[in-house]
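Down below is the structure, laid out as structure tokens.
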Amino acid sequence: MTDRAIVDKLAELLQPWGEVRVKPMFGEWGVYIDERFAAIIGDSKLFLKVKGVPDEIVETVFGGRTEPYPGASNYALIVPEKFDDSAWCQSAETALRSAKVLVVK
């Protein structure tokens, strides 16, 4: 299981998108933003849920889909450094809100 300090650090990156809550699940961590399941933290990596985001946007904004665990294909692996790019953060947030992964404001 991923160390709680790493979980807290990754969850902090998501704070601008809403109220973040993490809880142990799947042998790792589930991440909720404004009470919607939005990500998995596993093997010390952040996997954003991209279900409902069009494939072309997943490719260009998130770098494609990946599986945080076998059979879970609606996620994108996000390196923490991405959050240093405000344009990327805005594009990612817009895509996730459009797909209703995040609460629509």
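Residue numbers (the working numbering): 2 to 106.
Even for Gly, the Cβ is constructed at its ideal location relative to N, Cα and C.
inquiry  = Can you give me the C-alpha to C-alpha distance between F38 and D86, rounded to a whole angstrom?
reply    = For the purposes of this step, residue 38 is taken as residue 37 along the sequence shown, with counting starting at 1. For the purposes of this step, residue 86 is taken as residue 85 along the sequence shown, with counting starting at 1. Computed Cα separation, rounded: 24 Å.
How should E57 be labelled, buried or exposed, when 16 other C-beta atoms within 10 angstroms of its C-beta is the threshold for buried? Against the sequence shown, residue 57 aligns to sequence position 56. When all chains shown are included, E57 counts as exposed.
Residue of V21, D44, P81 minimising C-alpha distance to F63
For the purposes of this step, residue 63 is taken as residue 62 along the sequence shown, with counting starting at 1. F63 has its Cα closest to that of P81, out of V21, D44, P81.
Legend entry - Burial state of E29 (16 or more Cβ within 10 Å): For this step, residue 29 is matched to residue 28 along the sequence shown. With 16 or more other Cβ atoms within 10 Å, it is buried.
task: Verify whether the separation of the beta carbon atoms of L47 and L11 is less than 8 Å.
output: In the sequence shown, counting from the first residue as 1, residue 47 sits at position 46. In the sequence shown, counting from the first residue as 1, residue 11 sits at position 10. Yes; because the gap between Cβ atoms is below 8 Å, this pair is in contact.
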